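Numbering (the working numbering), first residue to last: 0 to 376.
Ideal placement from N, C-alpha and C gives every residue a C-beta, glycine not left out.
What you are looking at is a predicted structure, and each value in this text was computed from that prediction instead of being measured.
Worksheet: one structure, shown below.
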Amino acid sequence: MKIGIVCYPTFGGSGVVATELGMALADNGHEVHFITYNLPVRLDFISHNLHFHEVMMEEYPLFQYQPYELALSTRMVEVVQKHGLEIVHVHYAIPHAYAAYMAKQMLKEKGIDIKVVTTLHGTDITLVGSHPTYKTAVEFSINNSDVVTTVSKSLKEDTLRLFNITNDIKVIHNFIDIEKYDKAHAKDCQRIALAKPEERILTHISNFRPVKRIDDVIKTFAIVRKSIAAKLLMVGDGPERSMAEQLVKDLGIKNDVIFLGNSSEVAELLCYTDVFLLPSETESFGLAALEAMAAEAAVISTNTGGLPEVNEHGVTGYLSNIGDVEDMANNVLKIVKDDATLLQFKQNAREHTKQFSLNNILPVYEEIYESLLEKVN
Ligand code: GMT
């Protein structure tokens, strides 16, 4: 099949899922075309099956805001026509689903019936999409996509609760290529470079936005640090980073917290991790937690959104109420109290990820594309 993928090419989860999906589809023999404003950060190869088309913006003094949707839909029309794409799969509704709808209408005038699959990822529904500024357009583009998917049951419920949805919504959980994490494990994991043998390693990875509650990561670690020797790895960057660095200083734990910035070597960094912290305010799925679990890390998270679908309480880690840093710290201590308990949680976490393996989820997307094309023929 010839498939276009539209996503944010950054470190955010929706871009990661879209990129991993595109690479897996190309690996499976499909022709995949990424249509984005930059090369996606996780795109680690370009093959004869994998293509990248940059969305170019034209500056003009009249524009206070650049009309990105126009540039994107124009580029989609060009790429679909030039390469004979059959499907465009957009990740994150804003503005991608809207731009895809416009492209579909423009192509219809040229006698081309392009099918649009929209995958909703989270904040495009919960924090941003349902805001009155965007709600009407988001609702319209969801209802006018050929297929709509959400990355968790919880996000489907949120979508139905927040919008007037007339379209069917399929739940397709996010996935990971588990083997990638095997390879990282097989390499010599140089744990000693970051922590002493007796120290436990806690990790947080995100885009450091307020929704991630970075201060709770640090407060949880500060409580844990009072009882045991440990290091905290902070991976990522974003608006809350300077607040986080200041809080670390204020709490007197500067020597035990390492800020590593953005990294595309996530599997390699996670191979050090004992416990992954994700105390988010809301999380439609929590891909970062799943990646950590694949690398054999236990997960301490909040119990919001789709997190209970990923992190099994008392098995792969623990779930706490939002903001309950005492509970989160106690849960960390329960897990790391001895090597045998820690090992059990780590093994459970790894085992649990198998149901989210790429090999299980990829055929589900392929079936959706195939059924859309059967409707055309
Ligand atoms: O919140 C992020 O880290 C980025 C955001 C995105 O759209 O890039 O993530 C959302 O999509 C991810 C992939 O489906 C999910 O794993 C995240 O839970 C979701 N974030 C939120 O719902 C806050």
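{"Asked": "Residue(s) in a DSSP beta bridge with residue 90", "Found": "118"}
{"Asked": "Those runs of the alpha helix (DSSP H) which lie wholly inside the stretch 257–331 and span at least 4 residues", "Found": "265–269, 286–293 and 306–309"}
{"Asked": "Chain-order list of residues whose beta-carbon lies under 8 Å from that of residue 332 (same chain, five-residue window excluded)", "Found": "223, 226 and 227"}
{"Asked": "Beta-carbon spacing of residue 89, residue 102 below 7 Å", "Found": "no"}
{"Asked": "Three-way DSSP call (helix, strand, coil) for residue 3 in this model", "Found": "strand"}
{"Asked": "Candidates 299, 193, 111 and 18: closest to residue 330 by CA position", "Found": "299"}
{"Asked": "Alpha carbon of residue 41 to alpha carbon of residue 204, nearest angstrom", "Found": "15 Å"}
{"Asked": "Close beta carbons around residue 146, own chain, < 6 Å, minus the five adjacent residues each side", "Found": "116 and 367"}
{"Asked": "One or two residues paired with residue 201 in a DSSP bridge", "Found": "231 and 274"}
{"Asked": "Closer than 6 Å: residue 122 CB and nearest ligand 1 heavy atom", "Found": "yes"}
{"Asked": "Bounding residues of the alpha helix (DSSP H) (the contiguous stretch that carries residue 24)", "Found": "12–26"}
{"Asked": "Spatially closest choice to residue 189 from 253, 128, 271 and 151, by CA coordinates", "Found": "271"}
{"Asked": "Identity of the residue in 159, 91 and 177 nearest residue 127 by Cα", "Found": "91"}
{"Asked": "Reduced DSSP category for residue 31 - H, G, I as helix; E, B as strand; rest coil", "Found": "strand"}
{"Asked": "The stretch 207–219 contacting the stretch 237–248, beta-carbon criterion three pairs below 8 Å", "Found": "yes"}
{"Asked": "Beta strand (DSSP E) segments (min. 3 residues) lying fully within the stretch 154–180", "Found": "168–170"}
{"Asked": "Residues near residue 247 in its chain [Cβ-Cβ closer than 7 Å; skip 5 each side]", "Found": "217, 253 and 256"}
{"Asked": "Length of the line joining the Cα atoms of residue 11 and residue 282", "Found": "12 Å"}
{"Asked": "Assigned exposure category for residue 160 - 16 Cβ within 10 Å defines buried", "Found": "exposed"}
{"Asked": "Stretch-stretch touch, CB-based, cutoff 8 Å, three pairs: the stretch 281–297 with the stretch 338–352", "Found": "yes"}
{"Asked": "Residue 130 in three-state terms, based on DSSP", "Found": "coil"}
{"Asked": "Collapsed DSSP secondary structure at residue 244 in the structure displayed", "Found": "helix"}
{"Asked": "Between the CA atoms of residue 235 and residue 262 - distance to the nearest angstrom", "Found": "7 Å"}
{"Asked": "Per-residue DSSP class, three states only, for residue 151", "Found": "coil"}
{"Asked": "Residue interval of the alpha helix (DSSP H) (run including residue 351)", "Found": "338–351"}
{"Asked": "Residues of its chain near residue 340, where Cβ-Cβ distance is below 8 Å and the 5 sequence neighbours each way are ignored", "Found": "333 and 334"}
{"Asked": "Best match in 264, 97 and 207 for proximity to residue 276 [C-alpha to C-alpha]", "Found": "207"}
{"Asked": "Extent of the continuous beta strand (DSSP E) run through residue 82", "Found": "Premise fails: residue 82 lies in the alpha helix (DSSP H), 67–82, not in any beta strand (DSSP E)."}
{"Asked": "Status (buried if at least 16 other CB within 10 Å, exposed otherwise) for residue 355", "Found": "buried"}
{"Asked": "Contacts around residue 16, its chain only, beta-carbon distance under 6 Å, and the 5 residues preceding and following it disregarded", "Found": "173"}
{"Asked": "Beta-carbon gap between residue 153 and residue 313 smaller than 7 Å", "Found": "no"}
{"Asked": "For residue 62, the first and last residue of its enclosing beta strand (DSSP E)", "Found": "Segment: none, residue 62 is in no beta strand (DSSP E) and carries neither H nor E."}
{"Asked": "Residue from 120, 342, 95 and 79 whose Cα sits closest to the Cα of residue 106", "Found": "79"}
{"Asked": "Residue from 167, 210, 230 and 175 with nearest C-alpha to residue 196", "Found": "230"}
{"Asked": "As assigned by DSSP and simplified to three states, the class of residue 95", "Found": "helix"}
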